[in-house]
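Participant:
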Amino acid sequence: MDQSLPDVVSDELTFLRAVYQSAVMGIFVTGNNGSLLMVNNAFCRIFGYRREQLLKQSITILTTPETRTDADEKLREVTTDSEQESFQWQGVHKDGTTVSLFTTSMQVVLSESRRFVISTVMDVTQDSENRETVKRQRREIERLSKIASQTINGVITTDKNGYVDWINEGFTRISGYTLDEFKGFKPGDLLQGEKTDPDTVQHIRERLKANKDFQADILNYHKSGYAYWVHIVCSPLQDEYGQLQGYLALQTDITEQRHINRLLHEKNNLFHSIIETMHDGVITIDEAGRILSFNRAAEVMFQYTVGELEGCNVSCLMPNEYAAHHDRYLWSYQKTGQSGIIGKSRELSGKRRDGSVFPLELSVTETMKDDAPLYIGVMRDVTVRRSNEKRIEQLAFSDSLTGLANRRLLEDRLEHCMASTERSGKQSALLFLDIDNFKVINDVLGHGMGDQLLVRTSLTLKNSVYENDTVARLGGDEFVVILADLAVERITAARNTETVAKRILDRLAHPFGNLEFQQNVSCSLGIVLFSGTSITASELMRQADMAMYSAKSAGKDQFLFFDPVMQSDLISMHQTENELRIALENNQLEPFYQAQVDAQGGLIGAEVLIRWNHPERGLLAPAAFIGVAESSGLIVPMGYQVFAMACTQLVAWSGCEFARKLTLAVNISARQFEEADFTARIASILSSSGANPELLKLEITESTLARDIESVSLKMLELRKLGITFSLDDFGTGYSSLTYLKRLPIKQLKIDRCFVRDVLVDHDDKAIIVTIIALAATLGIDVIAEGVEEQEQQALLVSVGCESFQGFLFGKPESQEVFEQRFTAP
Numbered sequence: 033m034d035q036s037l038p039d040v041v042s043d044e045l046t047f048l049r050a051v052y053q054s055a056v057m058g059i060f061v062t063g064n065n066g067s068l069l070m071v072n073n074a075f076c077r078i079f080g081y082r083r084e085q086l087l088k089q090s091i092t093i094l095t096t097p098e099t100r101t102d103a104d105e106k107l108r109e110v111t112t113d114s115e116q117e118s119f120q121w122q123g124v125h126k127d128g129t130t131v132s133l134f135t136t137s138m139q140v141v142l143s144e145s146r147r148f149v150i151s152t153v154m155d156v157t158q159d160s161e162n163r164e165t166v167k168r169q170r171r172e173i174e175r176l177s178k179i180a181s182q183t184i185n186g187v188i189t190t191d192k193n194g195y196v197d198w199i200n201e202g203f204t205r206i207s208g209y210t211l212d213e214f215k216g217f218k219p220g221d222l223l224q225g226e227k228t229d230p231d232t233v234q235h236i237r238e239r240l241k242a243n244k245d246f247q248a249d250i251l252n253y254h255k256s257g258y259a260y261w262v263h264i265v266c267s268p269l270q271d272e273y274g275q276l277q278g279y280l281a282l283q284t285d286i287t288e289q290r291h292i293n294r295l296l297h298e299k300n301n302l303f304h305s306i307i308e309t310m311h312d313g314v315i316t317i318d319e320a321g322r323i324l325s326f327n328r329a330a331e332v333m334f335q336y337t338v339g340e341l342e343g344c345n346v347s348c349l350m351p352n353e354y355a356a357h358h359d360r361y362l363w364s365y366q367k368t369g370q371s372g373i374i375g376k377s378r379e380l381s382g383k384r385r386d387g388s389v390f391p392l393e394l395s396v397t398e399t400m401k402d403d404a405p406l407y408i409g410v411m412r413d414v415t416v417r418r419s420n421e422k423r424i425e426q427l428a429f430s431d432s433l434t435g436l437a438n439r440r441l442l443e444d445r446l447e448h449c450m451a452s453t454e455r456s457g458k459q460s461a462l463l464f465l466d467i468d469n470f471k472v473i474n475d476v477l478g479h480g481m482g483d484q485l486l487v488r489t490s491l492t493l494k495n496s497v498y499e500n501d502t503v504a505r506l507g508g509d510e511f512v513v514i515l516a517d518l519a520v521e522r523i524t525a526a527r528n529t530e531t532v533a534k535r536i537l538d539r540l541a542h543p544f545g546n547l548e549f550q551q552n553v554s555c556s557l558g559i560v561l562f563s564g565t566s567i568t569a570s571e572l573m574r575q576a577d578m579a580m581y582s583a584k585s586a587g588k589d590q591f592l593f594f595d596p597v598m599q600s601d602l603i604s605m606h607q608t609e610n611e612l613r614i615a616l617e618n619n620q621l622e623p624f625y626q627a628q629v630d631a632q633g634g635l636i637g638a639e640v641l642i643r644w645n646h647p648e649r650g651l652l653a654p655a656a657f658i659g660v661a662e663s664s665g666l667i668v669p670m671g672y673q674v675f676a677m678a679c680t681q682l683v684a685w686s687g688c689e690f691a692r693k694l695t696l697a698v699n700i701s702a703r704q705f706e707e708a709d710f711t712a713r714i715a716s717i718l719s720s721s722g723a724n725p726e727l728l729k730l731e732i733t734e735s736t737l738a739r740d741i742e743s744v745s746l747k748m749l750e751l752r753k754l755g756i757t758f759s760l761d762d763f764g765t766g767y768s769s770l771t772y773l774k775r776l777p778i779k780q781l782k783i784d785r786c787f788v789r790d791v792l793v794d795h796d797d798k799a800i801i802v803t804i805i806a807l808a809a810t811l812g813i814d815v816i817a818e819g820v821e822e823q824e825q826q827a828l829l830v831s832v833g834c835e836s837f838q839g840f841l842f843g844k845p846e847s848q849e850v851f852e853q854r855f856t857a858p
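When you line the sequence shown up against my numbering, it's residues 33 to 858, in that order.
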């Protein structure tokens, strides 16, 4: 710890006294009349007297009669000549013995009326000692002189009236004034200014008047005008009779120290403010574990005030199981220096005033004060953080909508289950589930209702399996179930899995929707049994996914177990996709045309159907590649290519009598219709081809309309302005809604073949057809029936008001050449 400035000055005076009293030679000071004013311990030892017996006595009492006159003259010479004088003389010890002495004297002049002689004296009985004595005496005189002249502190003496009579170089350095400039002035006349504290000045005057020592800090002004602070230690100077002769003052420049102290004070205040405003609790304890300080955050954290805890052992803030170890831990650290917490951060539990326990994060720093260790603990209540971390963990491993396990947790559970079956030899099952037609439901009813269906599905799945089974949502409408440790026998495990799968299908099969739209919910399930780790988890997922898509392709609302045949189907599907990409690039797709006729059998149009002229497999029907095109996204470029073919054909037929007014119907997939630039691309193809848009009809399915009615409406209206018309394909089989029939520019309804096929024998099919025709008539929409294969079917359809037909009765899909030949033949 740094010393205060008063202590520094006091120490310097103590040092000077110690030098004076501990000198090996005798030192004495005489006044103008030769009386002893000061003597040191060595001087008293030489002559055998106590100090009080010598002070104020004449030096002559210590001389022999033979040398008294000589010694007296030498001392007088020093007082008149101010030069250093050395001489040898005989002294008389108190016991009467004579001692041979060597003395060196030097005059110190404070004023004309105040002259002193400082002398050193040594017993020089032996010649060798005389020489050494001279050297030592000279060194002592020089040392005392240098201390006074070279000290960094200012030394000043005044007469008894306070006027300056001497200053050292240090004083000039501090104040800027020389001794000549101080002549005739008191110190305060030149050094004090407008900001010098008058109370301090008054205090100094009172002490001087009372002839008392004093210490004080005061603001002085330098000769150049700037202010500076000094610490003054002042003592009165008295002669041998106790009469005041003047004053001796030691001044130390403390300007920088005060500045440093002020900065330290400001920093301490700032530090205290920071500590008090910190959100973290800060507690300081001593080596015994007693609480010394406690900031505001700690008070809030532990529900105590600092006054209630100051001096208490910090273990009172810990649960009992921790408190019992604290004192032993602190004692062990102080003994061994080994700690697992000093300088580190750790988590433990704290105890509030009400006894509640909470998690906190603690870091401890060790420091020293007055050579004793202090421990500063910074702690943070991490209750909220722990809750957030738990929430984050939940988000990391669970689905935010349903609360089910997410893909990350599912993969972990599946790995564990596979390892478990490796040990137990039991069979487990992985079920991959997809809600049938979920996208349509979601688009028609909105995402809010779609989310409700997902939540309902998740609850159904959880209630359909056992507690140790896992239900996860991968995203969208895809769910996965792990049925763990079913049985050792594979057939038994398969039966148990089948039971669960049927339960899931049955429980999900409930209507869902609102007043305008209702849909029976179903799902497709793919199942794979496994035991051990012979294949990877990702491979199991892929196999279950393949089985699910096979179930969906087989008609939906069912489950299928994975079969190795599916693997070859998957390979075939990928091969078909790659070849289809090449087909689109190399124009291997060929348009076929199926006639559309009126009630009299007259040709009114044709539907453009596609065939793939495969270089190796020959001519392929759409069933061989449309599914792959849909799943891969190739249906989009394929659709634009077919539309361009239709436009080109219309232009080619524009000069033919039989086909001049034929309308060509082109199928547009829902995926293609959803393209942001769909209308722009259709318009571009139409414009570049030069085809008549009034002869183009786009066939769209009900699922297309159900996705986003607003977007669909805008696109249809934009294309209708160009002259293109729309036919609603497969009407009655999907998600029929009067809303979009009223809002959208639909020119034609196409009755699906499933109603036409049994219309002659199924009264329900007939009733549906009659209803569709009546509805269309009411709305001013044309009707065409597809799948007409028998004349009786056509006759019945005509009888109930249907005017347009398509089916094998009027011709199969044909190439351009065959189609033209058939309708141009005489």
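We put the beta carbon where it would ideally sit given N, CA and C, even for glycine.
In three-state terms, what does DSSP make of Ser721?
Facilitator: helix
Participant: Can you tell me whether Cys219 is helix, strand or coil according to DSSP?
Facilitator: Checking the sequence shown, residue 219 turns out to be Pro, not Cys. Helix, per DSSP.
Participant: On the DSSP bridge assignment, give the partners of Glu622 in chain order.
Facilitator: The beta-bridge partner set that DSSP reports for Glu622 consists of Arg643.
Participant: Grab the span of the alpha helix (DSSP H) containing Thr309 for me, first residue to last.
Facilitator: Counting along the chain, the alpha helix (DSSP H) containing Thr309 begins and ends at 287-309.
Participant: Check Ile603 in the structure and name its three-state DSSP category.
Facilitator: helix
Participant: From Gln704 to Leu746, what does the alpha carbon distance come to, in whole angstroms?
Facilitator: Near 15 Å, if we compare the C-alpha coordinates of Leu746 and Gln704.
Participant: Out of Lys255, Glu238, Ala259, Val265, point me to the one whose CA is closest to Ala248's CA.
Facilitator: Val265
Participant: What separation, rounded to the nearest whole angstrom, lies between the Cα atoms of Ala22 and Ser720?
Facilitator: The shown model of the chain, from 33 to 858, leaves out residue 22, and the question about it has no answer.
Participant: Suppose you measure from the CA of Phe840 to the CA of Leu518; what does that come to, to the nearest Å?
Facilitator: 52 Å
Participant: By DSSP, does Ile756 sit in helix, in strand, or in coil?
Facilitator: coil
Participant: Nearer than 7 Å: is that true of the beta carbon of Asn610 relative to any heavy atom of the ligand PLP?
Facilitator: Ligands are entirely absent from the displayed structure, and the ligand PLP is therefore not among its contents.
Participant: Near Ser160, what residues of its chain come up, given a Cβ to Cβ distance below 8 Å and the 5 sequence neighbours on each side ignored?
Facilitator: In this predicted model, Ser160 has a pLDDT of only 46, less than 50, meaning its place in the structure is not dependable enough to derive any value.
Participant: Enumerated in chain order, which unbroken segments of the beta strand (DSSP E) with a length of 3 residues or greater are wholly contained in the segment 434-505?
Facilitator: Counting only runs of 3+ residues, the beta strand (DSSP E) found wholly inside the segment 434-505 occupies 459-467, in chain order.
Participant: Along the chain, where does the alpha helix (DSSP H) containing Val532 start, and where does it finish?
Facilitator: 522-540
Participant: For Ile717, collect the residues of the same chain with a Cβ closer than 7 Å to its Cβ; drop the 5 residues on either side in sequence, then sort them by chain order.
Facilitator: Only Tyr672, Phe675, Ala676, Cys679 meet the Cβ criterion.
Participant: Can you look up Ser160 in the DSSP assignment and give me helix, strand or coil?
Facilitator: For Ser160, the pLDDT reaches just 46, beneath the cut-off of 50, and the residue's location in the model is therefore unreliable, although a value from the coordinates is still provided. Helix at Ser160.
Participant: Rounded to whole angstroms, what is the Cα-Cα separation between Glu707 and Phe544?
Facilitator: 29 Å
Participant: How about Val560 and Ala579: are their beta carbons less than 8 Å apart?
Facilitator: yes
Participant: State the Cα-Cα distance for the pair Leu612 and Phe657, rounded to the nearest angstrom.
Facilitator: 8 Å
Participant: Can you give me the start and stop residues for the beta strand (DSSP E) that Ala428 sits inside?
Facilitator: Run containing Ala428: none in the beta strand (DSSP E); it sits in the alpha helix (DSSP H), 415-429.
Participant: Using the Cα positions of Pro268 and Arg108, report the straight-line distance between them to the nearest angstrom.
Facilitator: 26 Å
Participant: Measuring alpha carbon to alpha carbon, tell me which residue in Gln289, Gln825, Gln335, Trp261 is nearest Gln283.
Facilitator: Trp261
Participant: Taking only the alpha-carbon atoms, compute the straight-line gap between Leu727 and Gly633 and give it to the nearest angstrom.
Facilitator: C-alpha separation (whole angstroms): 19 Å.
Participant: Which residue from Arg522, Ile473, Pro596, Ile467 puts its Cα closest to that of Thr492?
Facilitator: Ile467
Participant: For Asn293 and Asp386, I'd like the C-alpha separation in whole angstroms.
Facilitator: 43 Å
Participant: If you follow the alpha helix (DSSP H) that Thr232 is part of, which residue opens it and which one closes it?
Facilitator: For Thr232, the uninterrupted alpha helix (DSSP H) run begins and ends at 230-241, by DSSP.
Participant: What residue range does the beta strand (DSSP E) around Leu592 cover?
Facilitator: 590-593
Participant: If I measure Cβ to Cβ from Asn243 and keep anything under 7 Å in the same chain, skipping five residues before and after, which residues do I get?
Facilitator: Pro268, Leu276
Participant: Looking at the unbroken alpha helix (DSSP H) that takes in Phe511, where does it start and where does it end?
Facilitator: If you look at Phe511, you'll find it isn't in any alpha helix (DSSP H); it sits in the beta strand (DSSP E) that goes 510-519.
Participant: Along the chain, where does the beta strand (DSSP E) containing Ser699 start, and where does it finish?
Facilitator: The sequence as given places Asn at residue 699; Ser does not occur at that position. Judged by DSSP secondary structure, Asn699 falls within the beta strand (DSSP E) whose first and last residues are 695-699.
Participant: Alpha carbon to alpha carbon, how far is Gly313 from Leu442?
Facilitator: When rounded, the distance between both Cα atoms is 41 Å.
Participant: Based on the DSSP output, what are the partners of His263 in its beta bridges?
Facilitator: His263 is bridged to Asp249, Thr284.
Participant: Is the number of C-beta pairs between the segment 560-577 and the segment 455-463 that are closer than 8 Å three or more?
Facilitator: yes
Participant: Excluding the 5 residues flanking Gly202 on each side, which residues of the same chain have their C-beta closer than 7 Å to its C-beta?
Facilitator: Thr183, Ile184, Asn185, Gly186, Val187
Participant: Going along the chain, which residues of its own chain have a beta-carbon closer than 8 Å to the beta-carbon of Asn724, five neighbours each way excluded?
Facilitator: Leu682, Ser686, Gly755
Participant: How far does the alpha helix (DSSP H) with Leu811 in it extend, from its first residue to its last?
Facilitator: 795-811
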